[in-house]
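Take a look at the structure set out below.
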Amino acid sequence: MKKITFSIVWPFSGSEMRELLSFAFQVSLVAFLGFYLIDNLRTGFVSNFFNVYIFLWTSIVFGVLTTAWPMIVPEAKSEEKLTWKDFTRITLFALGTAALVWYKTSSIGWLAMVIAALSGLIVLGLGLLVYLNKDK
């Protein structure tokens, strides 16, 4: 039996297309989170003009396309070490997350502090995992 291959003429290589899809996913996710946060803090500030969930659906689509696209080989990735500047940035993100979660859940009492602390630890842990991930 003969194997039939089909290809579409495309101006980007596989790694360039994956980079493009990854960037589109990141931009749409950050836009959704930013607009959702603004709309949550001041109701109607964004949702009176357009639907915020458009960015959610585009980030879902780009996320699925990014994961479905062929992976970049680990040898092509540059290896970076965690510096104090990166650790400080991750810690500030974690503290900001904990403060925001505490602010939004402060009406439930003492449990808000526990939830805020856990969410800050989760963000800190995930941030460290991203920097310390070894694909070898």
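Numbering (the working numbering), first residue to last: 1214 to 1349.
For glycine and all other residues, C-beta sits at the position ideal for the given N, C-alpha and C.
From a predicted model like this one, the values you see are computed outputs, not experimental measurements.
Contact check, residue i vs residue j under 8 Å by CB: the rounded distance?
i	j	result
F1238	F1275	4 Å
T1271	S1320	Not confirmed; about 32 Å, so no contact.
S1235	T1279	5 Å
V1314	I1335	Going by Cβ atoms, the distance from V1314 to I1335 rounds to 10 Å, so no, they are not a contact pair.
Between the beta-carbon of residue i and the beta-carbon of residue j, is there less than 8 Å?
i	j	result
T1318	A1325	yes
Enumerate in chain order the residues of its own chain whose CB-to-CB distance from residue i is below 8 Å, with the five nearest sequence positions on each side excluded.
i	result
L1345	L1295
F1248	V1259, V1265, F1268
W1282	G1227, M1230, R1231, L1234
Using a Cβ-Cβ cut-off of 6 Å (strictly less than) and excluding sequence neighbours within five positions of residue i, which residues of its own chain qualify?
i	result
E1288	Residue placement at E1288 is poorly supported in this model, since its pLDDT is 48, which falls under 50; the coordinates are not used for a value here.
Leaving aside the five residues before and after residue i along the sequence, list all residues of the same chain whose C-beta is less than 7 Å from its C-beta, in chain order.
i	result
I1303	L1337, G1340, L1341
G1333	A1307, L1308, T1310, A1311
Check for me: the alpha helix (DSSP H) holding residue i runs from which residue to which?
i	result
T1301	1297-1318
W1213	Residue coverage of the chain in this structure runs from 1214 to 1349, which leaves residue 1213 outside it and unanswerable.
G1340	1324-1344
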